[in-house]
Amino acid sequence: MRSHLLNDTTAESYRRSVTEGIERVAAKLATTTRPFTGITVDALTPRIDEIDLDKPLLDTAAVLDELEDVYLRDAIYFHHPRYLAHLNCPVVIPAVLGEAILSAVNSSLDTWDQSAGGTLIERKLIDWTTARIGLGENADGVFTSGGTQSNLQALLLAREEAKTDTTAELRIFASEVSHFSVEKSAKLLGLGQDSVVCVPVDHDKRMQTVALARELERCRRDGLVPMAVVATAGTTDFGSIDPLPEIAELCEQYGAWMHVDAAYGCGLLASVKYRDRIDGIERADSVTVDYHKSFFQPVSSSAVLVRDSSTLRHATYHAEYLNPRRMVQERIPNQVDKSLQTTRRFDALKLWMTLRVMGADGIGQLFDEVCDLAVEGWKLLAADPRFDVVVAPSLSTLVFRYIPAAVTDPAEIDRANLYARKALFASGDAVVAGTKVSGRHYLKFTLLNPETTVEDMSVVLDLIAGHAEQYLGESLERAS
54 MRSHLLNDTT AESYRRSVTE GIERVAAKLA TTTRPFTGIT VDALTPRIDE IDLDKPLLDT
114 AAVLDELEDV YLRDAIYFHH PRYLAHLNCP VVIPAVLGEA ILSAVNSSLD TWDQSAGGTL
174 IERKLIDWTT ARIGLGENAD GVFTSGGTQS NLQALLLARE EAKTDTTAEL RIFASEVSHF
234 SVEKSAKLLG LGQDSVVCVP VDHDKRMQTV ALARELERCR RDGLVPMAVV ATAGTTDFGS
294 IDPLPEIAEL CEQYGAWMHV DAAYGCGLLA SVKYRDRIDG IERADSVTVD YHKSFFQPVS
354 SSAVLVRDSS TLRHATYHAE YLNPRRMVQE RIPNQVDKSL QTTRRFDALK LWMTLRVMGA
414 DGIGQLFDEV CDLAVEGWKL LAADPRFDVV VAPSLSTLVF RYIPAAVTDP AEIDRANLYA
474 RKALFASGDA VVAGTKVSGR HYLKFTLLNP ETTVEDMSVV LDLIAGHAEQ YLGESLERAS
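Counting with the working numbering, you get residues 54 to 533 for the letters of the sequence shown.
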């Protein structure tokens, strides 16, 4: 079994195995004609269940054949132009190369003596990102597993910076369409059920600053502590961007920590055309970015950034075997001093490879393309009487609903939209997402693939309408 260990004696075996795997994936990418096969849970589960993990196949080719049957054939392929569902981007090749390298070398980014140059590369990328945001010379941060962890750490820092000994007094303010991780973080941080105050949004799904000011004033009047305001730069459902400059003013006025969840909208940091849409982000105390959403990186690749590097001390714990206090005096850079994680992948390498090959403008141009595409999709939907579209896009998301000409019952229209999404997924022809707006079911295009075209969107809209009409026709037949 030692022949399977990656070392100097197995380098050639490593090359052969990885090349064989890459060739399988490359062949699949080259021949995939739909984003999904439409396989059902009931059909795939028995194929997985029948595999006896205590009986290895002992041959890489045989294992890859099996993998084709249980995974590769039926995987959902985000690179396909008609995958339009969630915040999953197609990935760029330099990042995939970085993934292959970091997996093989297997550095752990918690301490210098496990990563060396990896530590400095991650720190360089943090400095690059904070400079793009404009957080100032004392800014810092650390890579995380994703936006949920980044938001959690930011709110942990905000809690510790709040001047109170009673957590029950703390309040977090976030818009009613902010990410669920805000409420989840509050629970994990031991704050009360009422600690998150939902602030109403306007017609464009942006936080109403008049309402925020009213809530902050009520908080002060009730003797409570405004711990943090979470502004969103790219909401999950609508891609809406809260009015950051106005929120910054209110945070300063009421002494609240300003956190910007830019997990989605961080692509604007590299944008050639639309960077001004996140003006005001430079005034944040902390920022979440997900490179694996709008920088076209493989999962996972995220970071939490802070204006004041000293606030990261709230996540620091010194262990003698790992990062004893003396290392601080010796100026040994241990990233675990800043992180909620201990063992941690060298995910920063993927972004490093991307920037060194493509440059920031290259990433920004790709993100600008999907933002432009969303505008064209908006025009398409607005001109189509079959659909109701909610808001004009701020980034690359479109939320809409099929509206049949002959049916007026909202519940029946809900069911038609739900059926259309399910039927489309089952067909494998396209994948779209769904959400609720004012209690009603809507569909969603999340456009993160520059290869998607207006024609792709038009075809998918026709497919949605066809499935919805089929459901309504069958419903009328059942009723009669």
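Where a beta carbon is used, it is the ideal one built from N, C-alpha and C, also for glycine.
Within a 10 Å sphere around the beta-carbon of residue 513 sit 16 or more other beta-carbons, which makes this residue buried. For residue 445, the CB contacts under 7 angstroms within the same chain, skipping 5 residues up- and downstream, are 431 in chain order. In this structure residue 279 is not in contact with residue 323, their Cβ atoms being roughly 32 angstroms apart against a cut-off of 8 angstroms.
Rounded to whole angstroms, the gap between the alpha carbons of residue 86 and residue 261 is 44 angstroms.
Ranked by how close their Cα comes to the Cα of residue 452, the residues 409, 469, 516 and 289 have 289 in first place. When beta bridges are read from the DSSP output, residue 224 appears opposite 279.
In the three-state reduction of the DSSP assignment, residue 392 falls in the coil class.
At the C-beta level, residue 229 and residue 253 come within 8 angstroms of one another. Looking at the DSSP output, residue 312 bridges to 283 and 339. In the DSSP assignment, residue 251 falls within the unbroken beta strand (DSSP E) covering 249-252. The criterion of a C-beta distance shorter than 8 angstroms is satisfied by residue 502 and residue 136.
Comparing C-alpha distances from residue 146 to each of 509, 157, 79 and 386 shows the shortest one belongs to 79. Straight across, the Cα-Cα distance linking residue 489 with residue 435 is about 19 angstroms. A distance below 8 angstroms separates the beta carbons of residue 200 and residue 316.
In the structure shown, residue 85 falls within a coil segment according to DSSP collapsed to helix, strand and coil.
Under DSSP, residue 497 shares a beta bridge with 452 and 486.
A contact is defined here as three or more CB-CB pairs under 8 angstroms, and the segment 168-185 meets this definition with respect to the segment 394-403.
Shortest Cα-Cα distance from residue 91 to any of 525, 482 and 509 involves 482. Residue 526 and residue 82 have their C-alpha atoms spaced approximately 37 angstroms apart. Between residue 226 and residue 265 the beta-carbon gap is near 6 angstroms, inside 8 angstroms, which marks them as a contact. Where residue 197 is concerned, the enclosing beta strand (DSSP E) starts and stops at 193-197. Annotated as distal: residue 234 and residue 353, with beta-carbon spacing of 8 angstroms or more. DSSP places residue 478 in the helix class (H, G or I) of the three-state scheme. The beta-carbon distance between residue 495 and residue 468, rounded to whole angstroms, is 13 angstroms. This is too long to meet the 8 angstroms contact definition.
380 is the residue among 380, 464 and 524 whose C-alpha sits nearest the C-alpha of residue 166.
Remark: fewer than three beta-carbon pairs, one from each stretch, lie closer than 8 angstroms, so the segment 107-119 and the segment 147-161 are not flagged as touching. Runs of the beta strand (DSSP E) spanning 3 or more residues and lying entirely within the segment 399-454 occur at 440-442, in chain order. Nearest to residue 366 by alpha-carbon distance, out of 387, 424 and 418, is 387. Taking every protein chain shown into account, the CB of residue 428 has fewer than 16 other CB atoms within 10 angstroms, so this residue is exposed. Closest by C-alpha distance to residue 410, out of 475, 60 and 148, is 148.
Within the DSSP secondary-structure output, residue 260 pairs in a beta bridge with 254. Taking 8 angstroms as the cut-off, the Cβ atoms of residue 357 and residue 203 count as close. Cβ-Cβ distances below 7 angstroms link residue 224 to 248, 250, 272, 277, 278, 279 and 280 in the same chain, with the five nearest sequence neighbours on each side left out; the list follows chain order.
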